[in-house]
Amino acid sequence: MTMDLAADERSFLNCLLELNAYDRQLWENMQRITDVESKLVTLEQKQDKMMYDISSINEEQKGRFLSTTLGVRVSVDIVALDAAVTALEKDLGLPDWTDQNHSLPIDVLAATPGDVKRQQLLQLLISVDSQIKEADSDLQEIIDQVSALHKSKSAMSNSKKYTEDQVAQILKNQMETLIYIDKKTGELDAKVDEFKDVLDGRHSTLSPP
């Protein structure tokens, strides 16, 4: 009887050690998830800044063109100009940008280096935006996994009906989930750093001399 009690005590202590290890790993992964989420927010802000810079450059070049051609400052009705450009794009058979079609045909004989550069930047931004959405989806999946782990832990803590084998299996499943979360978090972190490097490099080329 005493030996059985000692064996049960050792088994309980082993389960407790595994549970503590699970708690530590869960906390570390939650911290990493928070860091990745913060980096994603920063990345989206950089993307918005790039879009604003591109828009500013386009407006500035339009203003310079009008001023040089007419020799006077011209007040342009932006809404009317946009409607005229849209109609012209349809007449020329250009793609509708609102449906995310970014395969813009460029006339190599008429296009300026600025036209080519803007198209490349826009294609890059569309690509990065798509990958950011994918990263958001990955992050949400990780958060869902963590939430499921919390629920599993709470259910195990509030119930006394689990046998030793059931507790061991639950802990095993939770550790496998933590390993998966750790792997996905690392991949997502690396992907965010890569996006950040690309945007930082492209952003430095936007400002006109």
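Under this note's numbering, the first residue of the sequence shown carries the number 2, and numbering increases by one thereafter.
In this text, a Cβ means the ideal position worked out from N, Cα and C, and glycines have one as well.
Within the same chain, show all residues whose beta-carbon is closer than 6 Å to that of residue i, passing over the 5 residues directly before and after it, in chain order.
{"i": "D190", "result": "V37"}
{"i": "V77", "result": "Unreliable positioning characterises V77 in this predicted model, as indicated by a pLDDT of 46, which lies under 50. A coordinate reading is not provided."}
{"i": "T70", "result": "Residue placement at T70 cannot be trusted, given a pLDDT of 48 that sits under 50; what the coordinates show is reported in the next sentence. Excluding positions up to five away in sequence, the list is empty."}
Compute the distance between the beta-carbons of residue i and residue j, then report whether it is under 8 Å.
{"i": "A149", "j": "V193", "result": "no"}
{"i": "I34", "j": "I143", "result": "yes"}
{"i": "L179", "j": "Q32", "result": "no"}
{"i": "K184", "j": "D139", "result": "no"}
{"i": "I182", "j": "Q146", "result": "yes"}
Residues in the same chain with beta-carbon distance under 7 Å from residue i, minus the five sequence neighbours each way, listed in chain order, please.
{"i": "Y53", "result": "none"}
{"i": "M176", "result": "Y23"}
Which residue wins for smallest C-alpha separation from residue i, given the options the options?
{"i": "K131", "options": "S57, G187 and L41", "result": "In the sequence on display, residue 131 carries Ser and not Lys. Of the candidates S57, G187 and L41, the one whose C-alpha sits nearest the C-alpha of S131 is L41."}
{"i": "E195", "options": "N21, L20, W28 and L44", "result": "L44"}
If I measure Cβ to Cβ from residue i and keep anything under 8 Å in the same chain, skipping five residues before and after, which residues do I get?
{"i": "G72", "result": "Because the pLDDT at G72 is just 43, under 50, the model does not fix this residue reliably, and the value given afterwards should be weighed accordingly. Contacts found: none."}
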